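Residue numbers (our numbering), protein chains in the order written: chain A, 6 to 316; chain B, 6 to 316.
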């Protein structure tokens, strides 16, 4: 399975990351292309091709290419419908364009699905049958493994955990979806929540209200920071509880920056789930951190690329 | 497929319904055994066997048996863990007991899954790939068809739509799951909601606050009854919205008594979904009434029984 190297291209709003991969391991350095320095698809695709060519010169047995993109795609047709935070990428036949330019079998997938697939095949979701993956960052994304396969849904739009509602009377979501989870626990919202909690506690808020710093503070015993993570666990727990009642998974994998919070997030989260689920849903459920950080997308799509060769 | 008749046994808290089925059609009268008149599993199973024997005398080519039960089961082992509203049914090897007594291949399934399967194979979910079925009654149940197959989850507990939360600050659910959908739109809760709305409007509430009567009143133009269904649509819509973001189904099928409300429920429900979903999730989504009423369970489990013969 991991004998033949493939290429992973993780297309993000800030940078496009490219690396050669064998199994779960990067075998090259991770190349980065700043997404915004290239205007529109054509220039970016040319730049991607250049980097790919130079990686293929070093690893001539690279046999397939996987691309993960942030946003809605048609998986079967290999078309990007609309990329989040990247303008000009509507209705681009990206899979076929790359396949023609590079001359290797190519697969195009949504980035959250790539992360879920990496965790399922090589990481924290390995060996489980039904895995719900959540990635916490600027927004909240998700991917589902059901009966041992990536579940894409009827229009390849499944897994949008961040758009699920935790409160029908809550704040507006981006699509009129009131109470959308990501409007409570996106990175910025966690910072705002923390600012409010420090204010309420009559304490000066720290300058740095990033999830990373708030998790360091909580681990060091800062009570306000601890309370912030408890609130995050309340929102995330409410959404995961609904997800678990619907899907009865055997594993939940949580990745992205916020997941680094570790015990300060995971201990209250586990407790809240235990106190709101039936035993059938909770007893055999494994709740864990993602194994992969910023390489998850590359590893997921390069794994899918590798599987193209066996299909 | 529908050439060989099978038996469907729909086990409910009030009565056990039994009929012979070919395809989507009952070919016998529906027999009823009052569940509570027989104490414990042994007496009930004897009574079931009597009815089955008399049906087999009339239809000697009956070749398999399906049983649907209200509550948690182990599908693979054919064991009832715990039946809702029926005492004394914990850890009963019901599938094997029936199979031994009757001498025909037997399948045991959760009743909400049976209803979903009936709709998928013969009813409103036919021809779709990913179907979410919801049944509204005393409680709220659900069943999922994903990629053309019944999705059971890791412990056969998937599809518990009624336990999903629509409000993390909401009323307590039966398992500590605050904001559980069924605590808002179960039959009794709809009656209470209506009583409150008539009171708020300064009107005398009708004696009969059943979903059936409230739907008749709404269709006749009673503004309070119309408002009741709009509120029901708000709760149900919030939960379905989350379900749709997670699973991106191509069909939602709504059954059970409340579904008879018809347009007074479906028109606001469709509008709320349209206004809270992305186009990828809404544009190709079909929202429809269940085809089957109180025969859904029998038809679903007898269809599963028929498929045993091809396996």
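A virtual CB, placed ideally from N, CA and C, is assigned to each residue, including glycine. Just so it is clear, the structure is predicted and the values come from calculations on it, not from any experiment.
Within 10 angstroms of its Cβ, does residue i collect 16 or more other Cβ (buried), or is it exposed?
i: residue 22/A; result: buried
i: residue 96/A; result: exposed
i: residue 10/B; result: buried
i: residue 112/A; result: buried
i: residue 272/B; result: exposed
i: residue 165/B; result: buried
i: residue 6/A; result: Residue confidence for residue 6/A is low, a pLDDT of 48 falling below 50, so the modelled location carries little weight; the figure read from the coordinates is stated next. Residue 6/A is exposed by the Cβ-count criterion.
i: residue 59/B; result: exposed
i: residue 65/B; result: exposed
i: residue 188/B; result: buried
i: residue 276/B; result: exposed
i: residue 301/A; result: buried
i: residue 81/B; result: exposed
i: residue 255/B; result: buried
i: residue 193/A; result: exposed
i: residue 8/A; result: exposed
i: residue 41/B; result: exposed
i: residue 253/B; result: buried
Using 8 Å as the threshold, is the C-beta distance between residue i and residue j below it?
i: residue 313/B; j: residue 244/B; result: no
i: residue 215/B; j: residue 191/B; result: no
i: residue 86/B; j: residue 282/A; result: no
i: residue 141/B; j: residue 232/B; result: no
i: residue 130/B; j: residue 124/B; result: yes
i: residue 75/B; j: residue 89/B; result: yes
i: residue 262/B; j: residue 224/B; result: no
i: residue 153/B; j: residue 295/B; result: no
i: residue 48/B; j: residue 286/A; result: no
i: residue 175/A; j: residue 146/A; result: no
i: residue 171/B; j: residue 203/B; result: no
Residue i CB to nearest chain A CB: under 8 Å?
i: residue 19/B; result: no
i: residue 286/B; result: yes
i: residue 240/B; result: yes
i: residue 282/B; result: yes
i: residue 134/B; result: yes
i: residue 182/B; result: yes
i: residue 289/B; result: yes
i: residue 118/B; result: no
i: residue 122/B; result: no
i: residue 172/B; result: yes
i: residue 159/B; result: yes
Is there a C-beta anywhere in chain B that falls below 8 Å from the one on residue i?
i: residue 188/A; result: no
i: residue 165/A; result: yes
i: residue 89/A; result: no
i: residue 168/A; result: yes
i: residue 77/A; result: yes
i: residue 6/A; result: A caution first: residue 6/A carries a pLDDT of 48, below 50, which makes its placement in the model too unreliable to give a value.
i: residue 243/A; result: yes
i: residue 56/A; result: no
i: residue 162/A; result: yes
i: residue 192/A; result: no
i: residue 246/A; result: yes
i: residue 205/A; result: no
i: residue 235/A; result: no
i: residue 326/A; result: Outside the shown range of chain A, which is 6 to 316, sits residue 326/A, and nothing can be said about it.
i: residue 273/A; result: no
i: residue 156/A; result: yes
i: residue 115/A; result: no
i: residue 96/A; result: no
i: residue 293/A; result: no
i: residue 198/A; result: no
i: residue 252/A; result: yes
i: residue 99/A; result: no
Do residue i and the ligand SAM come close, with the Cβ less than 7 Å from some heavy atom?
i: residue 147/B; result: This structure simply doesn't include the ligand SAM, nor any ligand for that matter.
Looking at the structure shown, is residue i part of a helix, part of a strand, or coil, going by DSSP?
i: residue 143/B; result: coil
i: residue 154/A; result: strand
i: residue 52/B; result: helix
i: residue 6/B; result: Any reading at residue 6/B needs caution, since the residue's pLDDT is 49, under 50, leaving its predicted position unreliable; the model's value is listed next. Three-state result, residue 6/B: coil.
i: residue 178/B; result: coil
i: residue 291/B; result: strand
i: residue 59/B; result: helix
i: residue 36/A; result: strand
i: residue 64/B; result: coil
i: residue 300/A; result: coil
#### Entry: Complete runs of the alpha helix (DSSP H) confined to the region 214-269 of chain A [at least 4 residues]
216-224, 228-252
#### Entry: Length-filtered (4 minimum) alpha helix (DSSP H) runs lying within the region 67-129 of chain B
Taking only runs of at least 4 residues, the alpha helix (DSSP H) segments lying wholly in the region 67-129 of chain B are 99-107, 116-127.
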